[in-house]
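Remarks on the structure that follows.
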Ligand code: UT7
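Numbering (my numbering), first residue to last: 16 to 340.
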């Protein structure tokens, strides 16, 4: 039995960082940022707030929507590239916050593709009969790994979290397919080189600002368009669906120009797109579940809707999922 998404939730920090604020921090302009990326503002946490805090809030919103008791959860999966700390996993911290004492909990690292990787893992756990009730969270405090003096990266990202609850489907609805891809040869397109075992924390590491996101922007842009188009076509073909059968397209929200280029190549009309990058920027693993939750709550998704989700991110990783709601 395939898994289905029972409920969604999301959480974003209250603090808004507008393009006009960034104009005072680095040599940029609101016009440049909106024109090149589609981003108008993003959310940023207050000091002391970590990924497990946002993830817990998103999970609580999903639990409230479903009526599930946290004690019924079998598995908690957390997709994040900004864990609270190297050890323990952010999933264990969320498990503790929720008092989900029966659940096994672990993190999954696939950067911006993390939520779709997690959807695939959740679906396989449910299909195998190993777990019945799964909480999947994508949560990020990207502001903790941004170099606020680097205009080419700090304008792009934001903080947030999204969550989904899954259980076995008893009809033809649910996760129809997931397709995952990785190419480690492209590891340095987007990376945080310092702070791990290759370059542990040290004065020299901090002085070199290696603890922050480094990105080859225009190369990443080109690879993103190519891989997203390919994985969308692969997903449609596997489900014998035409582009016209897609009711809602939820791409990873990294750059509106990437999304428009992919839609143009696929021939997807604009009214099928769910876009919220203007308000949140790129929230990495939180981007798709945050958009999914907003789409559900705003009535863009109804029973029977066919949703195509695609993502790409550091790794390089890329992925798709087709869900019948
Ligand atoms: O989840 C995966 C994460 N990564 C991505 O998805 C990123 C994908 N890439 C992109 O979104 C785009 O490549 C960017 C938005 C990062 C950059 O846009 P671009 O059209 O590719 O610009 P560019 O990198 O080719 O830079 C054009 C110019 C450069 O100046 P010069 O060398 O032509 O004089 C940059 O220095 O724009 C300059 N620039 C800026 N100017 C004003 C770069 N950042 C800024 C900025 N404000 N914030």
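For each residue, glycine too, the CB sits at the ideal point set by N, CA and C.
Taking the Cβ atom as the reference point for each residue, do residue i and residue j lie within a distance shorter than 8 Å?
i	j	result
residue 341	residue 129	Only positions 16 to 340 of the chain appear in the structure, and residue 341 is not among them; the question remains open.
residue 312	residue 56	no
residue 280	residue 262	no
residue 52	residue 131	no
residue 190	residue 243	no
residue 269	residue 169	no
residue 264	residue 283	yes
residue 86	residue 116	yes
residue 226	residue 160	yes
For the candidate residues the options, whose alpha-carbon lies nearest to that of residue i?
i	options	result
residue 316	324, 340, 327 and 330	340
residue 105	152, 170 and 200	152
residue 224	321, 199 and 162	162
residue 267	241, 298, 283 and 35	298
residue 58	34, 200, 332 and 125	34
residue 60	230, 296, 172 and 156	156
residue 70	264, 327, 154 and 32	154
residue 241	86, 278 and 118	278
residue 331	125, 141 and 264	125
residue 319	260, 328 and 218	260
residue 145	289, 90 and 258	90
residue 322	292, 282, 27 and 258	258
residue 197	39, 32 and 334	334
residue 39	27, 164 and 253	164
residue 11	110, 195, 123 and 101	The structure shown does not extend to residue 11, since the chain is modelled only from 16 to 340, so the question has no answer here.
residue 100	289, 216, 308 and 275	216
residue 118	98, 102, 218 and 93	93
residue 199	32, 27 and 329	329
Please report how far the alpha carbon of residue i lies from the alpha carbon of residue j, in whole angstroms.
i	j	result
residue 337	residue 167	33 Å
residue 204	residue 180	32 Å
residue 29	residue 255	42 Å
residue 222	residue 62	22 Å
residue 16	residue 143	8 Å
residue 231	residue 37	21 Å
residue 291	residue 172	13 Å
residue 141	residue 148	8 Å
residue 310	residue 25	11 Å
residue 88	residue 41	45 Å
residue 296	residue 54	5 Å
residue 32	residue 111	31 Å
In terms of DSSP beta bridges, what is residue i paired with?
i	result
residue 56	33
residue 327	333
residue 206	229
residue 155	175
residue 273	DSSP lists no partner for residue 273.
residue 196	333
residue 264	288 and 323
residue 339	189 and 321
Any heavy atom of the ligand SAH closer than 7 Å to the beta-carbon of residue i?
i	result
residue 230	No copy of the ligand SAH occurs in the structure displayed; its ligands are the ligand UT7 alone.
*Determine contact between the stretch 19–36 and the stretch 72–82, defined as no fewer than three beta-carbon pairs at a distance below 8 Å.*
Yes, since at least three Cβ pairs between the stretch 19–36 and the stretch 72–82 fall closer than 8 Å, the two stretches touch.
*Could you tell me whether the stretch 235–248 touches the stretch 303–318, where touching means 3 or more Cβ pairs closer than 8 Å?*
no
*Counting Cβ pairs, one atom from each stretch, are 3 or more of them under 8 Å apart for the stretch 211–221 and the stretch 181–197?*
no
*asked:* For the stretch 172–182 against the stretch 229–238, do three or more pairs of beta-carbon atoms, one drawn from each stretch, fall closer than 8 Å, so that the two count as touching?
replied: no
*asked:* Assess contact between the stretch 40–47 and the stretch 65–79, defined as three or more Cβ pairs (one per stretch) separated by less than 8 Å. Is contact present?
replied: no
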